[in-house]
Amino acid sequence: MPIPLGDGRQFALDTAHALGTKRLISGFGPDQFNSMDNIKSSCDRFNEAASVATAHGMTYGIHNHWWEFSRIEDRWVYEVMLEHLSADVFFEVDIYWVQTGGPDPVEVVRQLGERAPILHIKDGPCDRELDMTAVGDGIVDIPGVIAAGKAYTKWHIVELDRCATDMVEAVQKSYQYLVGNGLAEGNV
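Shown next as structure tokens:
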């Protein structure tokens, strides 16, 4: 979904309304996080988007990729972001991309606390060029991440951008792993 500003504002609001959601979520590409000035400018836009969402009875969050968890001037980009973001901006944390960027997703989820109400549960080799796998078949500490977010996380969403195997089979296997290990409740 586009950020709810400028030309994308009404589309984002209308789409959220049509879907019956009170959460608007978007993000930016890597070029918006490649300098301190760009990071600060992106945070200003995210804060403005949060104000728009609040004015319409919604909340606003950022979906990350690896670039928000890369290093700049000996710091993690997301830590710089936290210094410039309004407390109203939440994170839809994609744990695969966190680990691919470098930090430990368990520690990131723990640090974000209530600002991480949604986790994208994704697994694989944590390499930008390689395909993801079914949850439980990769190197991400899935039980640790889920435990770290237990107090605040409302949703765990299995997501595969691309997959090394059949996508539907990987989703089924992910479901079985999460439910079978007591990490999620099943309804099938």
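Quick note on numbering: the sequence shown equals residues 10 to 197 in my numbering. Glycine residues also receive a C-beta, built at the ideal position from the N, C-alpha and C atoms.
If we count the other Cβ atoms within 10 Å of its Cβ and call it buried at 16 or more, is L187 buried or exposed? Burial state of L187 is buried, judged by a 10 Å Cβ sphere holding 16 or more other Cβ atoms.
If you reduce the DSSP assignment to three classes, tell me which class Y69 lands in. strand
Where the alpha helix (DSSP H) containing L128 begins and where it ends: Counting along the chain, L128 falls outside any alpha helix (DSSP H), though it belongs to the beta strand (DSSP E) covering 127 to 130.
So what does R32 bridge to, in DSSP terms? T68
Do I155 and D132 have their beta-carbon atoms positioned less than 8 angstroms apart in this structure? It is not a contact, given that the beta carbons lie outside the stated cut-off.
Is T63 buried or exposed, if buried means 16 or more other CB atoms sit within 10 Å of its CB? exposed
Enumerate, from N- to C-terminal direction, the unbroken beta strand (DSSP E) stretches of 3 or more residues contained entirely within the region 150 to 186. 164 to 167
What's the C-alpha gap between G15 and C52? 16 angstroms
When you compare the CB positions of L94 and F37, do they come within less than 8 angstroms of one another, or not? no
Between the C-alpha atoms of W85 and S183, what's the straight-line distance to the nearest angstrom? 30 angstroms
Boundaries (first-last residue) of the beta strand (DSSP E) holding E101: 98 to 103
Verify whether the separation of the beta carbon atoms of F42 and E82 is less than 8 angstroms. no
What are the residues that DSSP puts in a beta bridge with M141? C172
With a CB to CB cut of under 7 angstroms and the five nearest residues on each side skipped, what residues in its chain are close to G17? P11
Alpha carbon to alpha carbon, what distance is there between V107 and P113? This sequence places Asp at residue 113; Pro is not what is there. Cα-Cα distance, rounded: 7 angstroms.
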